[in-house]
Amino acid sequence: MEGQGTHSYLPDPRNAEILIDVNGTHFPRDEARVSVFDSGFMLGDGVWEGLRLHGGRLAFLDRHLDRLWHGAKAIAMDIGISREEMARRLYAVLDANGMTDDGAHVRLMVTRGVRSTPYQDPRVVVTPATVVIIPEWKQPSPETATRMLKLFTVHVRRGYPDVQDPMLNSHSKLNCITACIQATQAGADEGLMLDPHGFVATCNSTHFFIVKDGEVWTSSGDYCLDGITRGMVIEIAREAGITVRERNFSLTHVYGADEAFTTGTFAGVAPVGSVDGRVLGTERGPMVEHLQQLYLKRIAEDAAGRARP
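Residues 1498 to 1806 (this note's numbering) make up the sequence shown, in order.
Printed below as a string of structure tokens:
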């Protein structure tokens, strides 16, 4: 097992030989390169998506591409290719690696392109956007669905949108990385992050939910990424007649919760056992198990109803 917490995965030796798409051309892993003048390397200037392959289809691809294009538009970046071409490239590199069923995770990254000099002004960019697609054989560890995660509330906050909007899935992840470092040093799987007002916002790499008296609560969404899995869990829960509240709540609510869980593209719905040493549960609760089943069903429905380009 490699990775930690919500991103624990089974190592796969095939990843040493994967092909990576760089601007539409496939390169062996050891030969895939971007320029040291690339905007992503130099300044963290770009947006990205993480996707999973289920039943031969990239789950919720339309929603991921929507978020990618919206993010690029928000930072005045031209992706340079159409959505149709992006989907074609995604499936082409998957096919080239023999990834045609399940068990693959894809990191899609788009940066503003190569700059003529190390400077932040986009007017010094001299190439079209850089588009990199890294597919890997990566399955969540089997115990992820039942292992009770340990969270630790970090001092690093999710900031105001007029500083750096946490809604944007940008390459600039230092805010989350510093939160991750603090949580790791505290012996936790993930960092729980508060908003500027002291309410619970999200985790450093996943979204956070609690269960109270049969209701599911998550943050208002004002200070967290517009998560695809977060939105999907809210949607399927409401369709199942479960009350979901997107609202402000504090650590007091968390410590007194009946259950808690995280959501993310890689691990789906994962149970939380403790926060800051306060034990919420020693085994997966009934609401988490129910939502896991609903989520897996929705993924299967999406794969069955989606045509490949």
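Virtual Cβ for every residue (Gly too), placed ideally from N, Cα, C.
As the structure is a computational prediction, the values presented were derived from the model and not from experiment.
A distance below 8 Å separates the beta carbons of VAL1622 and SER1536. For the pair of segments examined, the segment 1647-1657 was found to touch the segment 1685-1699: the number of CB pairs separated by less than 8 Å reaches three. Secondary structure note for LYS1570: its alpha helix (DSSP H) is the uninterrupted segment 1558-1571.
ALA1571 has its alpha-carbon roughly 31 Å from the corresponding atom of ALA1680. Here DSSP, grouped into helix, strand and coil, assigns PRO1768 to strand. Residue pairing of GLN1636 in beta bridges, as defined by DSSP: LEU1507. The straight-line gap separating the alpha-carbon atoms of ALA1685 and CYS1677 is approximately 9 Å. Checking the DSSP bridge columns, you'll see THR1522 partnered with VAL1519.
GLN1789 sits buried, since 16 or more C-beta atoms from the chains shown fall within 10 Å of its C-beta.
Closest by C-alpha distance to THR1759, out of GLY1753, THR1749, SER1771, is SER1771. Here the segment 1740-1756 does not lie against the segment 1789-1799, with fewer than 3 beta-carbon pairs under 8 Å apart. Taking C-alpha positions only, MET1539 is separated from ASP1618 by approximately 12 Å. Rounded to the nearest whole angstrom, the CA to CA distance from ASP1755 to LEU1516 is 45 Å.
Pairing MET1664 with LEU1605 gives a Cβ-Cβ distance that is not under 8 Å.
The C-alpha of PRO1806 is placed about 34 Å away from the C-alpha of VAL1785. Excluding residues up to 5 positions away in sequence, LEU1516, HIS1523 lie with their Cβ nearer than 6 Å to the Cβ of ALA1593 in the same chain. Taking a contact as a CB-CB distance under 8 Å, the pair PHE1696 and ALA1757 does not count as one, their CB atoms being some 15 Å apart. THR1779 has its alpha-carbon roughly 43 Å from the corresponding atom of ASP1518. Between GLY1765 and THR1715, the C-beta spacing is not below 8 Å. For HIS1694 and ASN1672, the gap between their C-alpha atoms comes out near 17 Å. The beta carbon of PHE1534 is closer than 6 Å to those of VAL1611, ARG1612 in its chain, skipping five residues each way along the sequence.
Put simply, of SER1717, SER1669, THR1762, ARG1564 the residue whose alpha carbon is nearest the alpha carbon of VAL1741 is SER1717.
Only exposed fits SER1579, as fewer than 16 other CB atoms lie within 10 angstroms of its CB.
Secondary-structure assignment with DSSP links VAL1611 through a beta bridge to ASP1535. In the DSSP assignment, GLY1728 falls within the unbroken alpha helix (DSSP H) covering 1725-1736.
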